[in-house]
Amino acid sequence: MLPFSQRVCLITGSGRGIGRAIALEFARLGADVIVNYFRNPKPAQETVRQIEALGRKALLVKANVGELDEIEKLFQAVENEFGKLDYFINNAASGYNRPALQQRPKGWEWTLNINARAFLFCAQKAVPLIQRAGGGAMVVISSPGSQRVLPDYVVVGASKAALEALVRYLAVELAPLNIVVNGVSPGVVETEALQHFTAIWQDKSLIEKAQAQTPAGRLVTPQDVANLVVFLCSPQASMIRGQIIAIDGGASLPAR
Ligand SMILES: NC(=O)c1ccc[n+]([C@@H]2O[C@H](COP(=O)([O-])OP(=O)(O)OC[C@H]3O[C@@H](n4cnc5c(N)ncnc54)[C@H](OP(=O)(O)O)[C@@H]3O)[C@@H](O)[C@H]2O)c1
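The working numbering puts the last residue of the sequence shown at 256; the count rises by one with no breaks.
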């Protein structure tokens, strides 16, 4: 029997990129998966197709996690289809990338609502469903910009710092409910998000530089992140609580 048989997992922003890799890894390990997307139905339908090809159930839900009524709709769909939830993975992210002095309230609200507020209010909806499963886990995907200063990343960095604080608070508050809460913080991962940064930073050699600065000699892949996320949801990781685990091939270690 597969380790996540009979388990149900929701991953926000799982139509493509890192979220898709996480969704497929849960499916490979036996879980049924809720695939959430916002703007791009085609890749999300492809994620669903691949999950079903693995013999698992997949539920596709369009919802902007930056809107509270859409979070409500997302969790209502989970309840209607599965009646419970075992794992909630907060992966979706967006952001207004520009220098601090050019930021406007709209960009702050958009970014903070999708990247940080969503986790708090998704967690409130997830808890009763996870309790029906007898306990489970939540994992957020953060970024090194929560602590380090990256170009044009100020509001995303602030949102990821808030997200990491929520992880610590929820890890303590949800521990008596048998819910494990942690985060992962990947280094540079080659996804469409990286193409966006290559364009706004006007740096075509971003990937080569990141690779050269990684002691492990290669970039982190979406699959590396997925492997860590499923580990944090496994019984073997049950004594890891409220931690943000860097997965960057050692890139953040050398002093520069
Ligand atoms: N790539 C990296 O180098 C890197 C490094 C560190 C951390 N991370 C983190 O890893 C996570 C995934 O990143 P990625 O590189 O896979 O990003 P990506 O390729 O840009 O994908 C972003 C995903 O989030 C979804 N999304 C965006 N806004 C949403 C919203 N309001 N509601 C629901 N879904 C929404 C997108 O769905 P649609 O396509 O449907 O809009 C898409 O599936 C993010 O939290 C990111 O901050 C990435």
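Think of the CB as a built atom: it goes at the ideal place given N, C-alpha and C, for glycine as much as any other residue.
beta-carbon Gly107 near ligand 1 non-hydrogen atom, thresh 7 Å: no
Residue range of the unbroken alpha helix (DSSP H) whose run includes Lys42: Pro41 to Ala53
Nearest-angstrom beta carbon gap, Leu129 and Glu81 [assumed within contact, 8 Å]: About 11 Å separates the two Cβ atoms, so there is no contact after all.
Test item: CB-CB of Phe26 and Lys62 under 8 Å: no
For Gln202 and Leu10, the rounded distance between their alpha carbons: Distance from the CA of Leu10 to the CA of Gln202, rounded to the nearest whole angstrom, comes to 35 Å.
Expected contact under 8 Å - CB spacing of Val229 and Ile22 to nearest Å: 5 Å
Helix, strand or coil at Ala240 [DSSP, three-state]: Residue identity differs from the one stated: residue 240 is Ile in this sequence, not Ala. Reduced to three states, the DSSP call for Ile240 is coil.
Residue nearest to Asn178 in terms of C-alpha spacing, selected from Asp152, Gly107 and Gly134: Gly134
Residue span of the beta strand (DSSP E) that contains Asp32, given as start and end: Asp32 to Tyr37
Endpoints, beta strand (DSSP E) assigned at Ala58: Ala58 to Lys62
Closest Cα partner of Pro151 within the set Ala199, Ile245 and Ile71: Ala199
Chain-order list of residues whose beta-carbon lies under 6 Å from that of Pro43 (same chain, five-residue window excluded): Gly15 and Arg16
For Gly145, the three-state DSSP class (helix, strand or coil): helix
Contact test: Leu177 Cβ vs ligand 1 heavy atom, cutoff 7 Å: no
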